[in-house]
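Participant: In our numbering, the protein residues as written are 3 to 367.
Note that the Cβ used here is the ideal one computed from N, Cα and C, for glycine as well.
#1: Which residue's Cα is closest to the Cα of residue 291: 315, 245, 203 and 110?
#2: Can you check whether the CB of residue 314 is closer than 8 Å to the CB of residue 286?
#3: Is residue 87 helix, strand or coil by DSSP?
#4: Is the region 353–362 touching the region 330–342, taking contact as three or more C-beta pairs under 8 Å?
#5: Can you check whether the CB of residue 74 is closer than 8 Å to the CB of residue 45?
#6: State the CB to CB distance for the pair residue 173 and residue 156, rounded to an integer number of angstroms; the pair is presumed to be in contact (CB under 8 Å).
#7: Under a three-way DSSP split, which group does residue 74 fall into?
#8: Any chance the region 176–188 sits against the region 32–49, with 3 or more Cβ pairs inside 8 Å?
#9: Can you give me the C-alpha to C-alpha distance between residue 308 and residue 350, rounded to a whole angstrom?
#10: Would you call the region 248–261 and the region 294–304 touching, i.e. three or more CB-CB distances under 8 Å?
#11: Sorted by chain position, which residues of the same chain lie with C-beta nearer than 7 Å to residue 42's C-beta, five sequence neighbours on each side aside?
#12: What are the residues that DSSP puts in a beta bridge with residue 2?
#13: Under the DSSP definition of a beta bridge, which residues are partnered with residue 196?
#14: Since residue 263 is in the beta strand (DSSP E), which residue starts that stretch and which ends it?
#15: Thinking just about the alpha-carbon of each residue, which of 15, 142, 312 and 147 is nearest to the one in residue 366?
#16: Thinking C-alpha only, which one of 137, 242 and 83 is nearest residue 189?
#17: Measure the C-alpha to C-alpha separation of residue 107 and residue 101 and round it to an integer number of angstroms.
#18: Which word fits residue 304, buried or exposed, when buried means at least 16 other C-beta atoms lie within 10 angstroms of its C-beta?
#19: Can you tell me which residues form a DSSP beta bridge with residue 167?
#20: Would you mind reading off the limits of the alpha helix (DSSP H) that contains residue 96?
#21: Does the beta-carbon distance from residue 129 to residue 178 come in below 8 Å?
#22: Could you tell me the distance, in whole angstroms, from the CA atom of residue 60 to the CA atom of residue 70?
#23: Cβ atoms of residue 142 and residue 64: under 8 Å apart, would you say?
#24: What separation, rounded to the nearest whole angstrom, lies between the Cα atoms of residue 115 and residue 77?
#25: When the Cα atoms are used, what is the spatial distance from residue 96 to residue 340?
#26: Leaving aside the five residues before and after residue 228 along the sequence, list all residues of the same chain whose C-beta is less than 7 Å from its C-beta, in chain order.
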């Protein structure tokens, strides 16, 4: 049952953002929101799979770290496969586990992708302890093409197919730095604190974030509680809080679990009410997405290229404001620059940075 709140009861702004950047991955979307639109698509491996040169580079980089021969193990017929299904397929996770002893031959290294620009490597905690797996991931990142956006290591545990589970807290992403400046860079230059909550800093390879202002969190509810806690601590002063929630993407979006998706949105909505209650008139909340992941889409289980919602709220906003269909994700960056009065030199004068977008701040005030 869908119910609509009468417009006269709404205090807040709403609209949508149109993706105009290349690709539909998380890093591209995050960077576009912060003012850097990627204009060249990265390599993806959903059709032809990994080329032989990439497989060789991964094997050689891992072998150098581990000081033993390494052979990549792939899913039959495709590299575009769900990670949980992948490690639990006979001949993959179990073969990797059995290759722990170097006397049995080369280490079998599970490797897969998705329709994003990814190389994902799975490692059993008893075969490749966390520190060792991280070293492998870093070596692979250094060895492979700069046209591949991310390397992700996926630690897992269990003793046989069907029992293997990923250790999500130990996942690590090794990306590329943004190809151009973002609003995060300019906030950092001005000494304005930027707090990264969830996997957000990974999307910028850590650039623009102070390591002391990053909190991963174990769940979306915990990440929301982190935001609420920060907003309740008024001594924190001015800053930008950039949080990423993964439930509508990884947990329920990719598996196309629409019922779970709805329940997760309900949880987020409840926490947003608490967050709004902790905010002051000087605070502004922007809720949007880095890409689409339609839980009802049936053609594939990857990200969907579509407009994303834009919701804006503050105790200072009265009435319903229509922000319309915005032409680019970078409107968010332009608005942030407007709020923090970030300027640049233009035509022998000074102006507020726009990042190619249009600020919607004046529509709010």
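Facilitator: With the structure as the only source:
#1: 245
#2: yes
#3: helix
#4: yes
#5: no
#6: 6 Å
#7: strand
#8: yes
#9: 39 Å
#10: yes
#11: 24
#12: Outside the modelled stretch of the chain, which goes from 3 to 367, sits residue 2, for which no answer is possible.
#13: 242
#14: Residue 263 -> not in any beta strand (DSSP E); alpha helix (DSSP H) instead, spanning 260–280.
#15: 15
#16: 242
#17: 7 Å
#18: buried
#19: 159
#20: 95–100
#21: no
#22: 13 Å
#23: yes
#24: 10 Å
#25: 54 Å
#26: 199, 217 and 219
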